[in-house]
Amino acid sequence: MADSFRITRAAYLESLDDFREFLKNHCGGLLGVNTDLLYDVQLAVDEACTNIITHGYADMDPGSIILDLGIDSGKLTVSLTDFGHSFEPDSAPVPDVTAPAEEREPGGFGLFFIRQSVDDMKYQVTEDGNTMILTKNINPHDGGTA
Amino acid sequence: MNQLDTFLSALGHQAYFLEPLTYASTWLFERRGFAYVRGHKLMNDIHREFQPGGILHRCLDGSSVFRSPDQARSVRGRAWAVHDGILEALDLRWDKIRMVMQIGRHAGVETFPGVEY
């Protein structure tokens, strides 16, 4: 049976530390969740929240970001819900990661990093908010703990 | 509120929204499980500045019945000061707060924790 945990914070950059700490407190020490895996999830959440803060709540007095964490034997699921402007992930420009650093456009790497860091990413817009669902598979045989 | 949740859920809704008129009612809706569409940062800013040393705390100078120093410690005291215009000290207004209730899911927001109403 899955365990679930929730934290809600205001959508500004100061809240990112709270989300990182929350993930560390609930995932660190779990079988199969080593330091690298935890870092991947924290990075994906960092990037997703930064997108919400800078784009979702742009031109608004920021509302909330709700982080729901689900822990199952085989995977971690993080759902991030906000109530700002929605976006279409598939229409976001794909950054050219092969270009020389000096020729790259600044920004645009958030979704790239998220997709690289987790095993699955879904985005849905419903009546009760915009929700990004990030899934990270756990391999219990990795053994290490964060 | 529970009956409203049940009723709206029966109609197929997943969430509903409201715009609280006062600081006090906003705090009460938080305790009921609402999150913020707009105004979460404003509520955090208000709480921070009502702490000793904060700008709003300094504005509670006893100059009127709405600016008594002990008002920082209660929701109702802060509400009186907010609606007396104390937010002008932060160049802010009590405006456009919008909250959301995800039916069956308590958001757990607490912008003025551990306090009596």
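The listed protein sequences derive, respectively, from chains E and C. The numbering used here puts the first residue of the first sequence at 81, with every later residue one more than the last. The numbering used here puts the first residue of the second sequence at -2, with every later residue one more than the last. Note that the Cβ used here is the ideal one computed from N, Cα and C, for glycine as well.
Next on the checklist: For a contact defined as C-beta to C-beta under 8 Å, what are the partners of residue 39 (chain C) on chain E?
Outcome noted: The contacting residues are 141.
Checklist entry - Of all Cβ atoms in chain E, is any one closer than 9 Å to the Cβ of residue 100 (chain C)? => result For residue 100 (chain C), the answer is yes, since a Cβ of chain E falls inside 9 Å of its Cβ.
Next on the checklist: For the structure I just gave you, are there three or more beta carbon pairs, one from the stretch 160 to 177 of chain E and one from the stretch 186 to 204 of chain E, closer than 8 Å?
Outcome noted: Proximity of the stretch 160 to 177 of chain E to the stretch 186 to 204 of chain E meets the contact definition, three or more beta-carbon pairs being nearer than 8 Å.
Next on the checklist: Extract the residue ranges of the alpha helix (DSSP H) inside the stretch 89 to 144 of chain E, only unbroken runs of 4 or more that lie entirely within it.
Outcome noted: You should have 96 to 107 and 115 to 131.
Item to check | Residues that residue 92 (chain E) contacts on chain C, provided the C-beta gap is smaller than 7 Å | outcome: Within 7 Å Cβ-Cβ: 38.
Item to check | Straight-line Cα distance separating residue 112 (chain C) from residue 23 (chain C) | outcome: In a straight line, the C-alpha of residue 23 (chain C) is about 14 Å away from that of residue 112 (chain C).
Checklist entry - Hey, does residue 190 (chain E) have any beta-carbon neighbour from chain C nearer than 9 Å? => result For residue 190 (chain E), the answer is no, since every Cβ of chain C falls outside 9 Å of its Cβ.
Checklist entry - List, in order along the chain, the chain C residues whose C-beta lies closer than 7 Å to that of residue 144 (chain E)? => result Result: 32, 33, 37, 104 and 106.
Checklist entry - Just how far apart, CA to CA, sit residue 120 (chain E) and residue 55 (chain C)? => result Their backbone Cα atoms lie some 44 Å apart in a straight line.
Checklist entry - Tell me, which residues are paired with residue 203 (chain E) by DSSP? => result In DSSP, residue 203 (chain E) forms a bridge with E:212.
Checklist entry - If you check the beta carbons only, do residue 79 (chain C) and residue 31 (chain C) fall under 9 Å apart? => result One thing to note: residue 79 (chain C) has its Cβ no nearer than 9 Å to the Cβ of residue 31 (chain C).
Item to check | Residues that DSSP places opposite residue 13 (chain C) in a beta bridge | outcome: Per DSSP, C:98.
Next on the checklist: So, under 8 Å CB-CB, residue 124 (chain E) and residue 194 (chain E) are touching, yes? Tell me the CB distance rounded to an integer number of Å.
Outcome noted: The C-beta distance from residue 124 (chain E) to residue 194 (chain E) rounds to 5 Å, short enough to fall under 8 Å.
Checklist entry - So does the stretch 5 to 12 of chain C actually touch the stretch 90 to 104 of chain C, counting three or more Cβ pairs closer than 8 Å? => result Yes, they touch.
Checklist entry - According to the neighbour-count rule (16 or more other Cβ atoms, all chains shown, within 10 Å of its Cβ), is residue 202 (chain E) buried or exposed? => result Result: exposed.
Checklist entry - Hey, residue 88 (chain E) and residue 144 (chain E) are a contact pair by Cβ (cut 8 Å); roughly how many whole angstroms apart? => result The C-beta separation of residue 88 (chain E) from residue 144 (chain E) comes to about 5 Å, placing the pair in contact by the 8 Å criterion.
Item to check | CA-to-CA distance, residue 179 (chain E) to residue 95 (chain C), given in whole angstroms | outcome: Cα to Cα, the separation comes out at about 44 Å.
Checklist entry - Which residues of chain C have a Cβ atom closer than 8 Å to the Cβ of residue 207 (chain E), listed in chain order? => result What residue 207 (chain E) touches in chain C: 10, 11 and 12.
Next on the checklist: By alpha-carbon positions, which one of E:129, E:115 and E:160 ends up nearest to residue 97 (chain E)?
Outcome noted: Per the Cα distances, E:129.
Item to check | For residue 19 (chain C), the three-state DSSP class (helix, strand or coil) | outcome: The three-state secondary structure of residue 19 (chain C), taken from DSSP, is coil.
Checklist entry - residue 112 (chain E) to residue 132 (chain E), Cα distance in whole Å? => result For residue 112 (chain E) and residue 132 (chain E), the distance between alpha carbons rounds to 29 Å.
Checklist entry - Helix, strand or coil: how does DSSP classify residue 146 (chain E) here? => result Three-state DSSP puts residue 146 (chain E) in a strand.
Checklist entry - What is the DSSP secondary structure of residue 151 (chain E), reduced to helix, strand or coil? => result In this structure, DSSP gives residue 151 (chain E) an extended state, which the three-state scheme calls strand.
Checklist entry - Where do the N-terminal and C-terminal ends of the beta strand (DSSP E) with residue 34 (chain C) fall, by residue? => result Secondary structure note for residue 34 (chain C): its beta strand (DSSP E) is the uninterrupted segment 32 to 35.
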